[in-house]
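Okay, so the sequence shown: first residue is 51 according to this note's numbering, each after it adds one. All C-beta atoms in this analysis are idealised placements derived from N, C-alpha and C, irrespective of residue type, glycine included. Nothing here was measured: the structure is a model prediction, and the numbers come from that model.
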Amino acid sequence: MRVLVVDDDTQIVRAMRINLRARGYDVATAADGAAALAATAAEPPDLVLLDLGLPDMDGLDVIKGLRGWTAVPIIVLSARHSAGEKVQCLDAGADDYVTKPFGMDELLARMRAAARRAVHVEEAPVVRTPAFTVDLGAKRVTRDGAEVRLTPTEWHILELLARNAGRLVSQRQLLHDVWGPAYQSETNYLRVYLAQLRRKLEPDPAHPRYLMTEAGMGYRFEPGE
51 MRVLVVDDDT QIVRAMRINL RARGYDVATA ADGAAALAAT AAEPPDLVLL DLGLPDMDGL
111 DVIKGLRGWT AVPIIVLSAR HSAGEKVQCL DAGADDYVTK PFGMDELLAR MRAAARRAVH
171 VEEAPVVRTP AFTVDLGAKR VTRDGAEVRL TPTEWHILEL LARNAGRLVS QRQLLHDVWG
231 PAYQSETNYL RVYLAQLRRK LEPDPAHPRY LMTEAGMGYR FEPGE
């Protein structure tokens with residue numbers, strides 16, 4: 051597995067290179083945003099570890115630049131603890147956000163989880179409802195023949211629900227998988243994003259038929275007939 055480490059702190063880069071190579075990873079490095087974008091284009095990695103405080107551009111711009119053309123998993127590694135910045139990065143397309151300092155075991159676990167989510171599944175299922183269609187392979191939602199534009203976070207939530215169609219997905223699981231372990235009690239995030247999804251997908255958002263709430267427990271995607 052090829053990992054691109056993007057950080058201008060030479061000591062952190064050296065430590066990451068040693069630790070990751072010791073565990074069998076192929077490691078490439080970039081000291082700024084421009085080098086990261088160029089390296090990803092020249093030899094696409096399987097995962098990007100990205101610091102936000104780069105000398106030439108903000109890491110958020112790197113995420114947006116990468117998401118313009120690649121779905122490579124991106125894990126942000128940053129000393130910034132602001133919830134607002136974390137949400138910005140995740141909404142821009144980052145897969146996870148780890149605050150510095152962090153334990154290597156935790157980072158490796160998050161890397162494995164991001165890699166699992168990114169594994170290409172042959173003939174990924176298409177989930178159809180009478181109102182809209184979710185193509186999990188193409189990461190695309192259509193309604194009345196037109197594509198519905200979703201933010202990365204909206205898509206992530208819908209994908210988790212669609213892959214578990216008919217089954218309850220707990221609030222805790224959704225918050226953990228979309229925002230990370232530190233957000234497992236932020237149930238207000240889910241209320242906001244489910245409301246947005248319903249406005250975009252449900253024929254009557256006030257009386258949802260497909261994106262169902264199980265009060266105090268979680269959410270269930272019911273495709274219907």
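Just tell me which of 247, 96, 80 has its CA closest to the CA of residue 112. Residue 112 sits at position 62 when you count from the first residue of the sequence shown. It is 80.
Tell me whether residue 225 sits in a helix, a strand or coil according to DSSP, three-state version. The residue given as residue 225 occupies position 175 in the sequence shown. It is helical.
According to DSSP, is residue 172 part of a helix, a strand, or is it coil? Locating residue 172 in the sequence shown gives position 122, where the first residue counts as 1. In this prediction, residue 172 scores a pLDDT of 38, lower than 50, which makes its location untrustworthy; no coordinate-derived value is stated.
What residue range does the beta strand (DSSP E) around residue 269 cover? Translated into the one-based positions of the sequence shown, residue 269 becomes position 219. That run of the beta strand (DSSP E) goes 268-271.
C-beta contact flag for residue 126 and residue 144 at 7 Å: Within the sequence shown, residue 126 is the residue found at index 76, counting from 1. Within the sequence shown, residue 144 is the residue found at index 94, counting from 1. Yes, Cβ-Cβ distance for residue 126 and residue 144 is below 7 Å.
Opposite residue 101 in the DSSP bridges: which residues? As a first step, residue 101 is located in the sequence shown; it is residue number 51 there, counting from the start. DSSP lists no bridge partner for residue 101.
Could you check where the alpha helix (DSSP H) with residue 127 kicks off and where it finishes? Numbered from its first residue, the sequence shown carries residue 127 at position 77. From DSSP, residue 127 is part of no alpha helix (DSSP H) but of the beta strand (DSSP E) over 124-128.
What does the Cβ neighbour count give for residue 170, buried or exposed, with the cut at 16 atoms within 10 Å? Taking the first residue of the sequence shown as position 1, residue 170 is located at position 120. Reliability of the predicted coordinates at residue 170 is poor, the pLDDT of 46 falling under 50, and the value obtained from them is presented with this limitation in mind. Residue 170 is exposed by the Cβ-count criterion.
Rounded to whole angstroms, what's the CA-CA distance from residue 167 to residue 124? Just pull it up for me. What you label residue 167 is simply residue 117 of the sequence shown in a count that begins at 1. What you label residue 124 is simply residue 74 of the sequence shown in a count that begins at 1. If you take the alpha carbons of residue 167 and residue 124, they lie about 12 Å apart.
Got a sec, what are the start and stop residues for the alpha helix (DSSP H) residue 107 sits in? Taking the first residue of the sequence shown as position 1, residue 107 is located at position 57. Premise fails: residue 107 is in no alpha helix (DSSP H) and is neither H nor E.
Can you grab the Cα-Cα spacing for the pair residue 191 / residue 203, in whole Å? One-based indexing of the sequence shown puts residue 191 at position 141. One-based indexing of the sequence shown puts residue 203 at position 153. The straight-line gap separating the alpha-carbon atoms of residue 191 and residue 203 is approximately 14 Å.
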